[in-house]
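Asker:
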Amino acid sequence: MLDYKFYESNVSTNDTIVLLHGLGGNYGIFSKQIPAYKKQFHVLAVNLPGHGKSPATDSYDKPFTKDLVANELLSLFDELKIKKVHLVGISLGSVAVHHMLQRAPERVRSAVLGGAITRFTPFASFLLTAGSAVKSFVPYMWLYKLFAYIMMPKSNHASSRKIFIREAVKMRRKDFLAWYAMAHDVKSTYENVQKKSDTIPKLYISGEEDHLFVEPLLEDTKSDKKARHVLIKQCGHVCNVDKPREFNAESLDFFNENRLPKAEISSAL
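Under the working numbering, the first residue of the sequence shown carries the number 6, and numbering increases by one thereafter.
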């Protein structure tokens, strides 16, 4: 069972927001969102496999894949008797959200994707391939720090960069490399999202300075009639940390627009 923390809302509600962090992080990266969200929604903060106290990526009796991650999330929802959720994914978490939108769209009411990744630019692909070539003999934290500085290079990204590097130190090398290997499959996690989740509202929040991912994201999602986009100025890849006030305001407005209708409330319990 995945490591999680459930925050019951301060008000009566049947809507639950599920928080999915990025590579090397944990649900602590949502410290600026949880107090705001739980005023109006239940909040389920999850540590993905290999992070926090969740099972290690090599502890399963099956290969570690994106389907395994989706299965773990669905099992957690079932355990907590939550049939339909609002998802928030940041960076790697957005990849997990996209796969959930393809794998089990009937379990998703709406989705907010921050610093979303739909595919890699040629430069990012080169970095990924170069990292794969040296990962067997280079300390994984060298790779992680290199990518952190490339993705979040500016002084106003320092808080995000510091948090993720600090938390990544707690990861096992095997867990980091398992997720790193899965990064090569990122493009497939978006390929059928529009087709399979064509009724699910999606809000993409990105920093204007998210130079590796924002242009492919805007190009790939422009044909999705259920998608909206918000670009935050002077903000990098981890937009919920760089600009929490703006991220919270946009995401809460979106979730309130997409609360479960009364007809669905009984079936969501």
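Glycine included, every Cβ here is placed at the ideal spot set by N, Cα and C.
Counting only the same chain and skipping the five closest in sequence on each side, list residues whose C-beta sits under 6 Å from that of V233.
Answerer: First, the amino acid is wrong: residue 233 is Arg here, not Val. Same-chain partners within the cutoff: L208.
Asker: How far does the alpha helix (DSSP H) with S80 in it extend, from its first residue to its last?
Answerer: Residues 71 to 84.
Asker: Whole angstroms is fine: what's the gap from I168's alpha carbon to I34's?
Answerer: Each residue's alpha carbon lies about 8 Å from the other.
Asker: Got a sec, what are the start and stop residues for the beta strand (DSSP E) A116 sits in?
Answerer: 113 to 119 is the extent of the beta strand (DSSP E) around A116.
Asker: Taking 8 Å as the cut-off, decide whether the C-beta atoms of T18 and I87 are in contact.
Answerer: No, they are not a contact pair.
Asker: Could you check what DSSP says for I168 in three-state terms: helix, strand or coil?
Answerer: Helix.
Asker: Tell me, which residues are paired with I95 by DSSP?
Answerer: BP columns for I95 point to G119.
Asker: Quick one: grab the DSSP three-state call for L265.
Answerer: In the structure shown, L265 sits in coil (DSSP, three-state: anything other than H, G, I, E or B).
Asker: Can you give me the C-alpha to C-alpha distance between S272 and F128, rounded to a whole angstrom?
Answerer: Unreliable positioning characterises S272 in this predicted model, as indicated by a pLDDT of 48, which lies under 50. A coordinate reading is not provided.
Asker: State the start and end residues of the unbroken beta strand (DSSP E) segment that holds F11.
Answerer: Where F11 is concerned, the enclosing beta strand (DSSP E) stretches over 9 to 12.
Asker: According to DSSP, is Y65 helix, strand or coil?
Answerer: If DSSP states are grouped into helix, strand and coil, Y65 belongs with coil.
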